[in-house]
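First the structure, in the form of structure tokens, and then the observations on it.
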Amino acid sequence: MEQLEKHERMQIWENIQQALMNEQIDQFRADFLELHPYDQAKIFEEQDGEVRFLIYTYLSPKEMAEVMEHVDRDLVTTFIAEMVPAFAAKVFEEMSTDDAVDILNELDKNKVASFLTIMNKEESEEIKELLHYEEKTAGSIMTTEFVVIHHEMTVKEAMRHLRKEAPDAETIYYIYVVDSFKKLVGVISLRDLIIAEGDWLIQEVMSERVVSVPVGEDQEDIAQMMRDYDFLALPVVDFQNHLLGIITVDDIMDVMEEEASDDYSKLAGISDVESFGDTALQSAKKRLPWLIALLFLGMFTASIISRFEHTLDQVALLAAFIPVIAGMAGNTGTQALAVAVRSISTGDIDKIGKASVMWQEAKTGVITGTTCGVLITLIVAFWYGELYLGILVGISIMATLIVATIAGAFVPLVMHRFNIDPAVASGPFITTLNDIISMFIYFGLATLFMNLLLGG
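The sequence shown begins at 1 in the UniProt record's numbering and counts up by one.
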């Protein structure tokens, strides 16, 4: 079924809710379960606690698990807390292992221990294994629900094994092949397996060129790899090449969204990703570290201006152009920062090189700086009738834009060189840094050419 628009969901929900409130359980289940799990989740999210409690009552753990796998990650912990613990534990059992681990990582450790104790032993052990891996690594996002076959099997035996294991597997488009030591030795697509002769050995039809990732690999690098190779799944191995699990494309889409959200937050000067579920106090705690740091940097900018108080006293009109120069420096620095961070995050930096990025941004800075410098010179000369002041502001703008553009690209590239997340070089940080640089340039030039200004 196609994804429903919000008004369509509301109309369907009215019918479902009517059945629910009238205790027409069979009618409710028939209407609700006919929807795609995504639409079930969106309808579920929009209900109040009393209605959600009824839904917990009328759905099985397996049905509820499908809903929870599509619920917004910011809300899922709240919904888990509403459930009876025994029911919640059963829901975790029915979920894909990697999805269950993602949610459990957001919960209090005591609650996690409680759920694991209630859960089926086999499922509990699988989840425990994944919980041990460091967050944002291959181990933390892989699933152990996949089909694996032995290289000495025949195609007929492999197909029989596939039919048996497929219902519990997250994907069957790629089937991974291991040897007697459970080491990854090959891969075969479902298509190749279907068209192969039944008595052929798997080792004769499999591909030995298997791209895999180590269990400790960073999830951002894995997302890059899956994008480059157009994979639907990627095997995860340990240092001895034992097959531990697979990462599927749906997990990578979640990773890409998470990384983009994280980078956006850092570029906005927020230390951690905020959500609409955060309280005002939680949001303030996430924003304050950067704001306090930027406050002190801002005071440094103010101290620079105060050092040139004598220059301002002699030509008061200089103060009128402080916001223009500082604003232009911040804007162009942020633009260069965005280009540099994007080239790093997409991997383009490895193809074109850091020097090429810097050279490109330097040329861009010269062109934009010269253009804006000439334009502001003409404006000031005609508007205020001050030719020398116009030239001073024009040269300051030109120099500031060149330096700010280079700085905006240089800072994230240096951070990347030392394995620091380049998004930390946030927009507010670059803006404040360029404010300092622009004030030095502007008032330095003004002091140097004071005689011309006073004479003009």
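Glycine included, each C-beta is placed from N, C-alpha and C at the ideal position.
*Take Ile-322 and list the residues in its own chain whose beta-carbon comes closer than 8 Å to its own, dropping the five residues that flank it on each side.*
Ile-305, Met-439 and Tyr-442
*Should the segment 175 to 189 be regarded as contacting the segment 202 to 216, the criterion being three or more beta carbon pairs within less than 8 Å?*
Per the Cβ contact rule, the segment 175 to 189 is in contact with the segment 202 to 216 (3 or more Cβ pairs under 8 Å).
*asked:* Considering Cα atoms alone, identify which of Ile-420, Lys-111 and Thr-431 is closest to residue 474.
replied: Look at the range of the chain in this structure, 1 to 456, and you will see that residue 474 is not part of it.
*Exposed or buried, what is residue 457 when buried is set at 16 or more other beta-carbons lying within 10 Å of its beta-carbon?*
Past the edges of the chain, shown from 1 to 456, lies residue 457, and the structure says nothing about it.
*For the candidate residues Gly-365, Val-374 and Ile-391, whose alpha-carbon lies nearest to that of Ile-406?*
Its Cα nearest to that of Ile-406, the residue Gly-365 stands out among Gly-365, Val-374 and Ile-391.
*asked:* Quick check: what's the CA-CA separation for Ala-280 versus Val-147?
replied: The straight-line gap from Cα to Cα measures roughly 46 Å.
*asked:* Within the continuous beta strand (DSSP E) that includes His-150, where are the two ends?
replied: 148 to 150
_Cβ neighbour criterion (16 or more within 10 Å) applied to Tyr-176_ = buried
*Taking Val-324 as part of the alpha helix (DSSP H), name the residues at either end of that continuous run.*
322 to 345
*What did DSSP end up calling Lys-183 once you bin it into helix, strand or coil?*
strand
*asked:* Strictly by DSSP, which residues pair up with Thr-405?
replied: For Thr-405, which the question treats as bridged, DSSP gives no partner whatsoever.
_Just to confirm before moving on: does the CB-CB distance between His-151 and Val-178 stay below 8 Å?_
yes
*Kindly indicate which residue of Leu-297, Val-380, Pro-289 and Arg-163 has the alpha-carbon position closest to the one of Leu-318.*
Val-380
*In or out: Ile-397 buried (at least 16 other Cβ within 10 Å) or exposed?*
By the neighbour-count definition (other C-beta atoms within 10 Å, threshold 16), Ile-397 is a buried residue.
*asked:* Just to confirm my understanding: we take Glu-208, look at its own chain, exclude 5 residues before and 5 after, and list those with CB closer than 8 Å. What are they?
replied: Val-185 and Gly-186
*asked:* Am I right that Ile-222 and Ala-138 are in contact with their C-beta atoms under 8 Å? What's the rounded C-beta distance?
replied: 6 Å
*Compute the Euclidean distance between the alpha carbons of Leu-20 and Glu-165, then round it to the nearest angstrom.*
36 Å
_Environment of Asp-230 [buried if 16+ CB atoms lie within 10 Å]_ = exposed
*If you follow the alpha helix (DSSP H) that Pro-167 is part of, which residue opens it and which one closes it?*
Element bounds for Pro-167: n/a, residue is neither H nor E.
*Once you ignore the five residues that flank Met-159 on each side, which residues in its own chain have a CB closer than 7 Å to its CB?*
Leu-193
_Please list the terminal residues of the continuous beta strand (DSSP E) segment that includes Tyr-38._
For Tyr-38, there is no enclosing beta strand (DSSP E); the enclosing alpha helix (DSSP H) has its first and last residue at 37 to 45.
*Leaving out five residues on either side along the sequence, give the residues of the same chain with a beta carbon under 6 Å from the beta carbon of Ile-80.*
Sequence-distant Cβ neighbours of Ile-80 in its own chain, meaning closer than 6 Å and more than five residues away, are Ala-88.
_Sequence-distant residues of its chain with Cβ nearer than 8 Å to Leu-413 (five each side left out)_ = Ala-340, Ile-344, Ile-349, Lys-354, Val-357, Met-358 and Pro-422
*For Tyr-384, does the three-state DSSP call read helix, strand or coil?*
coil
*Mind checking who Val-177 pairs with in its DSSP beta bridge?*
Ile-149 and Gly-186
_Cβ shell of Val-71 (< 8 Å), same chain only, five flanking positions each side left out_ = Ala-41, Phe-44, Glu-45 and Phe-79
*What is the DSSP secondary structure of Glu-197, counted as helix, strand or coil?*
coil
*Identify the continuous alpha helix (DSSP H) that holds Ala-89 and give its terminal residues.*
85 to 94
*Using only alpha-carbon positions, find the residue among Phe-410, Gly-385, Ala-329 and Glu-170 that is nearest to Glu-361.*
Phe-410
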